[in-house]
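Engineer: Residue numbers (the numbering used here), protein chains in the order written: chain A, 1 to 309; chain B, 310 to 813.
The beta carbon of each residue, even a glycine, is placed where N, CA and C say it ideally should be.
Quick caveat: nothing in here was measured; it's all calculated off a predicted structure.
Dumping the structure here so I can ask a few things about it.
Have a look at this one:
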């Protein structure tokens, strides 16, 4: 086997997987707390990408130059824009489509979610058009790293994506483990009725969970805009399925699981398109989803789910 | 009094402010900046802040009116809602008819005047809801006997209506080709294929409570089964129809078996993925499906072995020579109309009868409470699997019909949009009977044919309809349906036999 080629695919896979992992966190957190699949989350990610794209266009129109320093400033500003504006979408979706359905049958929020996903997709289709939107690459440099048997090339974008993922994961882990909000979230996951009895505003905790998921989806949207330099209204659909597969692979409800699953899905997909047919690369995630559900429905790091009366 | 009034105004103002802020944040980037990519140029944008302003103003106004309505102040929503509705419908109609006044009227950024009309209709619905809400409150204020009496009469009226509507529609459908022209029959063939799909999915979603988001995949399996079998084995439509159903059911079982053991949400996302994967496979597996170009010359339907051909080959019969009448292109079309009508009625009949069998009862029971069913010794996985497979096989039958109708199969029509449309029909019609599902399916197919301008808004409306249908009936379609039987008529009054029939 050609080692540098393999390593190159691995690096590409990890980059892709970081994005899936960040989206998967949104699925897994919502699932953990209110036990539903938020089908609209893939489209929230798409909206994050559009917000980032428009953010970059505005900054370009304001005359920001593309010197290395200014590029970093631009990315930071767009990061704030994408996170804030996308988080509002997360909040609104929960408020409009899910909160009124709390405590109803299991089917109702699922149908509402799929309706919301269709609404978001077609809203963006209407206001931004159906064509893919290409963005001039902001960061073009790459560096060659020598490895046994040749060298692999790592682009600065890939480094940035992985670094951002690590930073955001760390912030996230801190919020979950150290703040009172995180404690309330973990408590809600275990026993929502008890949490309510203790005087915690459960609705607020759920809202903030959606906001956090959407904020991460906004970061992922920015990353994907930087990696591929193109966004379209349809991208959330397949990305959503992949990220959900990642969440299931890692064990739904488990945050480290989601990240691990995301990176694994990214790697498997990169290997699949490197050694099999590229056209069928979307199959990789789906095949994994079905295989995990057959052989290990709790995923890699998940706990078995006990259904209570 | 003044203080409560102040409190109340403060509350409404705060709500209005929050709504305005959220709407602004939602729309500022995505609506305010229109990205334009011209050939060979970098991406740029045009601003359209007027659209943002419209969005903020309309949403906030609507919210304020609804808040006032909720607090017991009903007249503003009626008056202003009606003014809104009248203005938008007026402006939209001006635009549709091409009056020059349309250009000068202040209006939101819509590229279709018809969208304004839709907006006006939405306002009418909001006003109507306010009125309906008032009636509900009045009923709530009554004594329980009065309330029961009102509910019973309106319910039995509804059942009677549905009871006679179904047979009337069937008689009407049977007689229709006598007076409709070919164009309409053609449209109705499409619509009835869709009704057949909706009835098939209704078994899965409505009866068994399983959310299948890739129903169209089984439709594709049926279409490709017919196409390939007729090409390789030279079987005709009638010989292949069974195989189309069987293959689709096999796919359903293979896909459903690992997933149905688990929670319902997994089924939804796996079927969603499966629908997409079938389409991707058909696009890329050129040897099998000829890729995006599709397969031409799929054999047309025949009259039980006798083809509809103008000039039959030497020594064979054709439909018109058999009957000794002149050839006309309409003959096949009218035959197809009856075939799809009978096909969909069979699906409907099976669904209605299934509901009365032990297996159908088990589906409904599983939908309501899985744990209780398990305790009663029902095998949830196998029971769900039968519903899923039967639904899939009906989609396969419809798929075979779809292939023979067009004489052409490509991966294109088997997209998520179609799955979503079928689901929307089931959700929208899900409150009651097979009849309402069929009506919803007919409306969803015929409205886009009539209003071609609105093709871009179609999916958006479907999505909104799905969300709203869930919000207005929070129990969801599944929970809202009355189970077919009650134990000792404990809850409410039990249905009489005729009401039960009408429900089914």
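Less than 7 Å between C-beta atoms, sequence neighbours within five positions excluded: which residues of the same chain meet that for residue 209(A)?
Structural biologist: By 1-based counting over the first chain, the position of residue 209(A) is 209. Around residue 209(A): 29, 30, 33 and 185.
Engineer: Among the residues of its own chain, which have a CB less than 6 Å from the CB of residue 215(A), if the five just before and after it don't count?
Structural biologist: The residue you call residue 215(A) lines up with position 215 of the first chain. Contacts found: 83 and 87.
Engineer: With DSSP as the reference, label residue 141(A) as helix, strand or coil.
Structural biologist: Within the first chain, residue 141(A) is the residue found at index 141, counting from 1. Three-state DSSP puts residue 141(A) in coil, outside helix and strand.
Engineer: Which residues of the region 89-117 of chain A have a Cβ closer than 7 Å to any Cβ of chain B? Give them in chain order.
Structural biologist: For the region 89-117 of chain A, which is checked against every Cβ of chain B, the residues closer than 7 Å are 89, 92, 97, 100, 101, 104, 105, 106, 107, 108, 110, 111, 112, 114, 115 and 116.
Engineer: Determine the direct distance from the alpha carbon of residue 478(B) to that of residue 787(B), and round the result to whole angstroms.
Structural biologist: Along the second chain, read from residue 1 onward, the residue named residue 787(B) stands at position 478. Along the second chain, read from residue 1 onward, the residue named residue 478(B) stands at position 169. With a pLDDT of only 42 at residue 787(B), under the threshold of 50, the placement of this residue in the model should not be trusted, and no figure is reported.
Engineer: Compute the beta-carbon to beta-carbon distance between residue 643(B) and residue 486(B), rounded to the nearest angstrom, for a pair I have assumed lies under 8 Å.
Structural biologist: Residue mapping note: residue 643(B) aligns to position 334 of the second chain, counting from 1. Residue mapping note: residue 486(B) aligns to position 177 of the second chain, counting from 1. Right, the Cβ-Cβ distance comes to about 5 Å (below 8 Å), so this counts as a contact.
Engineer: Could you give the DSSP three-state label for residue 665(B): helix, strand or coil?
Structural biologist: Within the second chain, residue 665(B) is the residue found at index 356, counting from 1. DSSP places residue 665(B) in coil when its eight states are reduced to three.
Engineer: If we cut at 8 Å on Cβ distances, does residue 232(A) have a partner in chain B?
Structural biologist: For this step, residue 232(A) is matched to residue 232 along the first chain. Residue 232(A) does not count as touching chain B.
Engineer: Quick check: residue 52(A) and residue 222(A), are their CB atoms within less than 8 Å of each other?
Structural biologist: The count along the first chain starts at 1 and reaches residue 52(A) at position 52. The count along the first chain starts at 1 and reaches residue 222(A) at position 222. Cβ distance < 8 Å, so residue 52(A) and residue 222(A) count as in contact.
Engineer: So residue 518(B) contacts chain E; which residues on that side make the cut at Cβ distance below 7 Å?
Structural biologist: In the displayed structure, chain E is absent; the protein chains listed are A and B.
Engineer: Since residue 522(B) contacts residue 114(A) with CB under 8 Å, what's their CB separation in whole angstroms?
Structural biologist: For the purposes of this step, residue 522(B) is taken as residue 213 along the second chain, with counting starting at 1. For the purposes of this step, residue 114(A) is taken as residue 114 along the first chain, with counting starting at 1. The pair is a contact, with the Cβ atoms about 6 Å apart (cut-off 8 Å).
Engineer: Assuming residue 266(B) contacts residue 340(B) (C-beta within less than 8 Å), just tell me the rounded distance between them.
Structural biologist: No answer is possible for residue 266(B): the residues shown for chain B start at 310 and end at 813.
Engineer: Note the first and the last residue of the continuous alpha helix (DSSP H) segment covering residue 51(A).
Structural biologist: Locating residue 51(A) in the first chain gives position 51, where the first residue counts as 1. Here the alpha helix (DSSP H) through residue 51(A) covers 41-61.
Engineer: Within the 8 Å Cβ cut-off, does residue 282(A) reach chain B?
Structural biologist: What you label residue 282(A) is simply residue 282 of the first chain in a count that begins at 1. For residue 282(A), the answer is yes, since a Cβ of chain B falls inside 8 Å of its Cβ.
Engineer: Within the region 336-401 of chain B, note down every full alpha helix (DSSP H) run reaching 4 residues or more, in order along the chain.
Structural biologist: Complete alpha helix (DSSP H) runs here, min 4: 358-379.
Engineer: Can you grab the Cα-Cα spacing for the pair residue 790(B) / residue 11(A), in whole Å?
Structural biologist: Taking the first residue of the second chain as position 1, residue 790(B) is located at position 481. Taking the first residue of the first chain as position 1, residue 11(A) is located at position 11. Any answer about residue 790(B) is weak, because its pLDDT of 49 lies below 50 and its placement is not dependable; what the coordinates show is given next. So the alpha carbons of these two residues sit roughly 52 Å apart.
Engineer: Taking residue 716(B) as part of the beta strand (DSSP E), name the residues at either end of that continuous run.
Structural biologist: Taking the second chain and counting its residues from 1, one reaches residue 716(B) at position 407. Residue 716(B) -> no beta strand (DSSP E), and no H or E assigned at all.
Engineer: Determine whether the beta carbon atoms of residue 584(B) and residue 697(B) lie at a separation below 8 Å.
Structural biologist: Locating residue 584(B) in the second chain gives position 275, where the first residue counts as 1. Locating residue 697(B) in the second chain gives position 388, where the first residue counts as 1. Result no, Cβ atoms of residue 584(B) and residue 697(B) do not sit closer than 8 Å.
Engineer: What residues from the region 563-580 of chain B come within 9 Å of chain A, judged by C-beta to C-beta, listed N to C?
Structural biologist: Answer set for the region 563-580 of chain B: 564, 566, 567, 568, 570, 571, 572, 573, 574, 575, 577, 578 and 579.
Engineer: Grab me the residues of residue 62(A)'s own chain with a C-beta within less than 8 Å of its C-beta, minus the 5 sequence neighbours each way, in chain order.
Structural biologist: Counted from its first residue, the first chain places residue 62(A) at position 62. Excluding residues within five positions, none has a Cβ falling inside 8 Å.
Engineer: Helix, strand or coil for residue 321(B)? Go by DSSP, reduced to three states.
Structural biologist: As a first step, residue 321(B) must be located in the second chain, where it is residue number 12. Residue 321(B) falls in the helix class under three-state DSSP.
Engineer: Using the DSSP secondary-structure output, state which residues sit across from residue 133(A) in a beta bridge.
Structural biologist: Here the question's residue 133(A) lines up with position 133 in the first chain. Beta-bridge pairing links residue 133(A) to 231(A).
Engineer: Once DSSP output is grouped into helix, strand and coil, what is the label at residue 627(B)?
Structural biologist: Taking the first residue of the second chain as position 1, residue 627(B) is located at position 318. Residue 627(B): coil per DSSP, three-state reduction.
Engineer: On a CA-only basis, which of 675(B), 476(B), 604(B) and 530(B) is nearest residue 552(B)? Give me that one, please.
Structural biologist: Counting from one through the second chain, the residue named residue 552(B) turns up at place 243. Measuring from the Cα of residue 552(B), the nearest candidate turns out to be 530(B).
Engineer: Counting only the same chain and skipping the five closest in sequence on each side, list residues whose C-beta sits under 7 Å from that of residue 358(B).
Structural biologist: Taking the first residue of the second chain as position 1, residue 358(B) is located at position 49. Same-chain partners within the cutoff: 341.
Engineer: Using CA atoms only, rank isn't needed, just tell me which of 674(B), 407(B) and 322(B) is closest to residue 376(B).
Structural biologist: In the second chain, counting from the first residue as 1, residue 376(B) sits at position 67. Among 674(B), 407(B) and 322(B), the Cα nearest to that of residue 376(B) is on 322(B).
Engineer: My understanding is that residue 111(A) touches residue 779(B), with C-beta atoms under 8 Å, so please give their C-beta distance in whole angstroms.
Structural biologist: What you label residue 111(A) is simply residue 111 of the first chain in a count that begins at 1. What you label residue 779(B) is simply residue 470 of the second chain in a count that begins at 1. Right, their Cβ atoms sit about 5 Å apart.
Engineer: Residue 654(B) to residue 721(B), Cα distance in whole Å?
Structural biologist: Indexing the second chain from 1 puts residue 654(B) at position 345. Indexing the second chain from 1 puts residue 721(B) at position 412. For residue 654(B) and residue 721(B), the distance between alpha carbons rounds to 27 Å.
Engineer: At least one CB of chain B closer than 8 Å to the CB of residue 224(A): is that the case?
Structural biologist: To locate residue 224(A), count along the first chain from 1; it is residue 224. For residue 224(A), the answer is no, since every Cβ of chain B falls outside 8 Å of its Cβ.
Engineer: How about residue 254(A) and residue 161(A): are their beta carbons less than 8 Å apart?
Structural biologist: As a working mapping, residue 254(A) is identified with position 254 in the first chain. As a working mapping, residue 161(A) is identified with position 161 in the first chain. No, the Cβ-Cβ distance between residue 254(A) and residue 161(A) is not below 8 Å.
Engineer: Indicate the three-state DSSP secondary structure (helix, strand or coil) for residue 326(B) in the structure shown.
Structural biologist: Taking the second chain and counting its residues from 1, the one referred to as residue 326(B) is at position 17. Residue state, collapsed to three classes: helix.
Engineer: Return yes when the Cβ of residue 48(A) is within less than 8 Å of the Cβ of residue 220(A), no when it is not.
Structural biologist: For this step, residue 220(A) is matched to residue 220 along the first chain. For this step, residue 48(A) is matched to residue 48 along the first chain. Yes, these two residues count as a Cβ contact at 8 Å.
Engineer: To the nearest whole angstrom, what separates the beta carbons of residue 25(A) and residue 259(A), a pair I think is in contact under 8 Å?
Structural biologist: Here residue 25(A) is taken as the residue at index 25 of the first chain, counted from 1. Here residue 259(A) is taken as the residue at index 259 of the first chain, counted from 1. Going by Cβ atoms, the distance from residue 25(A) to residue 259(A) rounds to 7 Å, so yes, they are a contact pair.
Engineer: Secondary structure at residue 256(A), three-state DSSP: helix, strand or coil?
Structural biologist: By one-based count along the first chain, residue 256(A) stands at place 256. Residue 256(A): helix per DSSP, three-state reduction.
Engineer: Exposed or buried, what is residue 785(B) when buried is set at 16 or more other beta-carbons lying within 10 Å of its beta-carbon?
Structural biologist: By one-based count along the second chain, residue 785(B) stands at place 476. Low confidence applies to residue 785(B): its pLDDT is 42, below 50, so where it sits in the model is not reliable, and the reading given next is rough at best. Classification of residue 785(B): buried, given that the 10 Å Cβ count is 16 or more.
Engineer: Tell me which residues share the same chain as residue 689(B) and place their Cβ nearer than 7 Å to its Cβ, disregarding the 5 neighbours each side in the sequence.
Structural biologist: Numbered from 1 along the second chain, position 380 holds the residue referred to as residue 689(B). So the qualifying residues of the chain are 675, 679, 682 and 683.
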